[in-house]
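J.:
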Amino acid sequence: MISSISELIIAAFVALIVSVVIRYIRYRPSDRFPPGPPRVPLLGSYPFLLALNYRHLHRAAARLSELYRSNVIGLHLGPLPAVIVNDHTLVRQVLQRSEFDGRPDLFLARLRDERYARRGIFFTDGESWREQRKFFLKTLHEYGFGRRNDTVEQDLESGLTELISLLKEGPQYEHEKSLLNEAGYARCPQLFFALFSNVILRMLTASRLEREDQAVLFEVGANSLAFHRQGDDYGLALSYVPWIRYILPGFSRYRVLREVNQKANAVIRSLAEQCEKTYNEADIRCFIDAYLREIKRTGGNITTGSDCFGFEYDQLVIGCADFLVPAFSAIPAKLGLILQRLVTQPATVTRMQTEIEQSVGQARLPRVDDRTNLPFCEAVIREALRIDTLVPSGIPHVTTQDTELAGYQLPKGTLVINGLDYINHQEDIFPQPHEFQPERFLDADGKLSLEQDKSIPFGAGHRVCAGETFARNALFVTITTLVQQFNVATELAPDPAQHLTGVIRTAPDFWIKFTSR
Ligand code: HEM
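Residue numbers (numbering that gives the first Met the number 0): 0 to 516.
1. Return the residue from the list 362, 66, 280 that minimises the CA-CA distance to residue 296.
2. Which residues does DSSP pair with residue 403 in a beta bridge?
3. Would the region 332–348 count as touching the region 491–509 if we require 3 or more Cβ pairs under 8 angstroms?
4. Going by the DSSP bridge assignment, what does residue 184 pair with across the sheet?
5. Quick one: which unbroken alpha helix (DSSP H) runs of 4-plus residues sit fully inside the region 44–116? Chain order, please.
6. Please confirm whether any heavy atom of the ligand HEM lies closer than 8 angstroms to the CB of residue 118.
7. Three or more C-beta pairs closer than 8 angstroms, one from the region 65–74 and one from the region 188–208: is that the case here?
8. Taking the Cβ atom as the reference point for each residue, do residue 477 and residue 217 lie within a distance shorter than 9 angstroms?
9. If we require 3 or more residues per run, which beta strand (DSSP E) segments fall completely within the region 398–485?
10. Check this for me: beta carbons of residue 401 and residue 504, under 9 angstroms apart or not?
11. Whose CA, out of 262, 356, 309, 225, lies closest to the CA of residue 499?
12. Please state whether DSSP places residue 179 in a helix, a strand or coil.
13. Report, in whole angstroms, the separation of the C-beta atoms of residue 448 and residue 457, which I expect to be a contact under 8 angstroms.
14. If we ignore side chains and look at the alpha-carbon of each, how far apart do residue 475 and residue 370 end up?
15. Just to confirm, is the Cβ distance from residue 150 to residue 290 under 9 angstroms?
16. I need the boundaries of the alpha helix (DSSP H) containing residue 128, first residue and last residue.
17. Could you pull the start and end residues of the alpha helix (DSSP H) that residue 349 belongs to?
18. Mind checking who residue 499 pairs with in its DSSP beta bridge?
19. Confirm the yes/no value for this check: CB of residue 321, any heavy atom of the ligand HEM, distance under 8 angstroms.
20. Measuring alpha carbon to alpha carbon, tell me which residue in 141, 148, 227 is nearest residue 325.
21. How do the region 419–432 and the region 84–93 stand: do at least 3 beta-carbon pairs fall below 8 angstroms, yes or no?
22. Less than 8 angstroms separating the Cβ of residue 486 from some heavy atom of the ligand HEM?
23. Are the beta-carbon atoms of residue 41 and residue 240 separated by less than 9 angstroms?
24. Pull up the distance between the alpha-carbon of residue 166 and that of residue 207, whole angstroms please.
25. Return the CA-CA distance between residue 393 and residue 114, expressed in angstroms with no decimal places.
26. With 16 as the cutoff for other CB atoms within 10 Å, does residue 433 come out buried or exposed?
27. On the DSSP bridge assignment, give the partners of residue 396 in chain order.
28. Cβ of residue 466 within 9 angstroms of Cβ of residue 322?
29. Assign residue 230 to one of two classes, buried (16 or more other C-beta atoms within 10 Å of its C-beta) or exposed (fewer than that).
30. Between the C-alpha atoms of residue 44 and residue 431, what's the straight-line distance to the nearest angstrom?
31. Using the C-alpha atoms, what's the distance from residue 134 back to residue 293?
32. Since residue 546 and residue 468 should fall inside the 8 angstroms C-beta cutoff, what is the C-beta to C-beta distance between them, to a whole number of angstroms?
33. Taking 8 angstroms as the cut-off, is the C-beta of residue 230 nearer than that to any heavy atom in the ligand HEM?
34. With DSSP collapsed to three states, give me the class of residue 362.
35. For chain C, find out if any of its Cβ atoms is closer than 9 angstroms to the Cβ of residue 124; answer yes or no.
36. Is the beta carbon of residue 199 within less than 8 angstroms of some heavy atom of the ligand HEM?
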């Protein structure tokens with residue numbers, strides 16, 4: 000009798016546990032939450048994504064859209080409810096509606112800061128983000144960021160002249176030796192580490208580094224690229240279960256990520272200290288001076304470590320990193336992807352060269368102003384930005400209130416992943432989406448048609464990429480200069496299927512031959 004009662008209790012207990020586990024696994028925040036995979040304790044739906052495609056989570060997400068026949072997928076990343084939006088119209092809505100302007104609190108972002116606080120522009124939100132983004136953009140704009148500006152364009156041209164000399168005459172300094180091999184092939188994307196960071200450096204500090212002093216730029220560039228490559232589309236499991244760093248410091252990639260960020264921050268800190276030493280209220284020379292003035296004005300020099308912040312030193316460091324890191328690695332990575340497309344498209348290169356010949360000639364290098372005169376070259380870069388979307392899943396947003404999307408209910412705090420790579424290959428908008436066709440952005444007269452370019456490589460709305468204009472100008476001037484001066488070839492035909500997905504898409508390091516024309 001006793002034993003049958005205890006068996007009954009055990010059976011009831013097991014049934015209870017099983018039902019709790021099933022309810023946990025199948026949990027949805029509401030009946031109107033989008034369809035999607037179940038979740039497991041701690042990691043949420045991460046293991047299902049990894050099982051579908053552990054190298055490229057945006058492709059796993061595309062597969063989920065097929066499996067659930069839905070362009071909005073509901074799931075959990077760690078404990079957080081999340082949706083993946085794989086539809087052009089809906090992504091536009093997300094980017095335009097202010098209740099989607101939040102950023103999730105990711106540990107990947109926190110580990111960039113000395114005190115693990117949320118700092119910078121990329122990964123912050125609310126009033127602090129709004130105030131800081133406005134200040135950074137307005138002040139950097141004064142120093143030429145994101146607009147036509149003679150100093151910026153001269154700096155770009157100086158950098159390109161140094162690059163041409165390196166490619167034509169070979170390395171002159173120790174740090175340049177690893178950029179070219181004995182057969183004269185150049186290493187990509189490392190070749191471009193100094194080019195754009197040096198331009199941003201002038202805006203931040205009022206001076207650029209001469210060619211002989213640029214070793215530090217190549218070092219920080221390598222760290223920035225490592226940061227971008229070590230992440231994944233959604234910020235790694237480490238972002239959602241930060242304590243796994245104590246158990247698996249290597250596997251979770253905590254150690255390497257923390258280290259590369261600390262190295263980059265140390266360089267920025269020393270730049271800020273140099274500006275501080277010669278700071279003169281009556282002579283504001285650069286962005287860092289302007290920021291230091293703001294720190295003094297608001298009395299905010301003491302770094303609080305709290306998530307609400309104003310003008311303070313740590314914010315200066317991470318905020319500057321938000322502009323330097325993409326200049327170090329996002330634009331070089333994108334250049335690598337464009338060059339890989341060009342080496343397999345000789346007819347495209349010839350057409351670009353003819354256009355440059357007719358409009359610019361050989362006597363001078365192409366300039367930002369030429370963007371309107373070289374519609375085919377501009378279309379090539381736009382097509383490259385579309386086909387190899389640099390940030391395949393955008394940067395995650397988060398809902399700041401309960402809301403709905405396409406009839407689905409999303410609670411406040413839902414992570415929103417914009418499938419930028421998915422929508423930039425949406426067949427109804429970009430016919431033959433996997434074909435490289437710059438002509439898709441030209442009208443019948445061969446003029447660039449912005450209306451026909453519905454791609455969204457930089458996001459849009461309030462959180463649109465803060466460096467879009469700078470990046471577009473930099474890519475245009477660099478690619479047209481290289482094509483004007485050189486023919487390009489690689490030993491092995493590059494294969495887009497080999498691309499790596501971290502925070503951004505990169506081609507694995509490769510060697511490219513620039514032959515003078
Ligand atoms: C080809 C190059 C680049 C591409 C494709 C790109 C793309 C993007 C994308 C997709 C986002 C996220 C938008 C969103 O949250 O919806 C972003 C954000 C951002 N980008 Fe870029 N980016 C590039 C280069 C740059 C450069 C060169 C800079 C600075 C010098 C920069 C600075 C930023 C900043 C600060 C944000 C965060 C904006 C915010 O959250 O308010 N980016 N970028």
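Backbone N, C-alpha and C define an ideal beta-carbon position, used for all residues, glycine too.
Remember, it's a predicted structure, so these values are computed and weren't measured experimentally.
T.: On the basis of the supplied data:
1. Considering only 362, 66, 280, the residue with the shortest C-alpha distance to residue 296 is 280.
2. Partner(s): 408.
3. Contact between the region 332–348 and the region 491–509 is established, with three or more Cβ pairs separated by less than 8 angstroms.
4. Among the bridge pairs identified by DSSP, residue 184 is matched with 512.
5. Every unbroken stretch of the alpha helix (DSSP H) spanning 4 or more residues and falling wholly within the region 44–116 is given here in chain order: 45–52, 56–66, 87–95, 106–109.
6. Answer for residue 118: no, Cβ out of range of the ligand HEM.
7. The region 65–74 is not in contact with the region 188–208.
8. Not closer than 9 angstroms, so no.
9. Runs found: 402–404, 407–409, 414–417.
10. Against a cut-off of 9 angstroms, the Cβ pair of residue 504 and residue 401 comes out as no contact.
11. Scanning 262, 356, 309, 225 for the CA closest to the CA of residue 499 turns up 225.
12. In the three-state reduction of the DSSP assignment, residue 179 falls in the strand class, which pools E and B.
13. Separation of the CB atoms of residue 448 and residue 457 is rounded to 18 angstroms, and the pair is thereby denied contact status at 8 angstroms.
14. If I take the Cα positions, the gap works out to 7 angstroms.
15. No, these two residues do not count as a Cβ contact at 9 angstroms.
16. In this chain, the alpha helix (DSSP H) harbouring residue 128 covers 125–141.
17. It spans 345–358 - the alpha helix (DSSP H) in which residue 349 sits, taken as one unbroken run.
18. DSSP lists 505 as partners of residue 499.
19. Checking the Cβ of residue 321 against the ligand HEM gives yes.
20. Among 141, 148, 227, the Cα nearest to that of residue 325 is on 227.
21. Segments in contact, yes.
22. False, no ligand heavy atom lies under 8 angstroms from that Cβ.
23. Going by C-beta atoms, residue 41 is nearer than 9 angstroms to residue 240.
24. The straight-line gap from Cα to Cα measures roughly 21 angstroms.
25. Between the alpha carbons of residue 393 and residue 114 lies a distance of about 26 angstroms.
26. Burial check for residue 433: the Cβ neighbour count within 10 Å stays below 16, so the residue is exposed.
27. Its beta-bridge partners are 415.
28. Contact flag set, yes.
29. The residue is buried, with at least 16 neighbouring Cβ atoms inside 10 Å.
30. Going from the Cα of residue 44 to the Cα of residue 431 covers about 32 angstroms.
31. Rounded to the nearest angstrom, the gap between the Cα atoms of residue 293 and residue 134 is 10 angstroms.
32. The displayed coordinates of the chain run from 0 to 516. Any statement about residue 546 would go beyond what the structure contains.
33. No, Cβ of residue 230 sits at least 8 angstroms from all heavy atoms of the ligand HEM.
34. Of the three classes helix, strand and coil, the one that applies to residue 362 here is coil, per DSSP.
35. Although the question refers to chain C, the structure presented lacks it and comprises just one protein chain.
36. Within 8 angstroms of the C-beta of residue 199 there is at least one heavy atom belonging to the ligand HEM.
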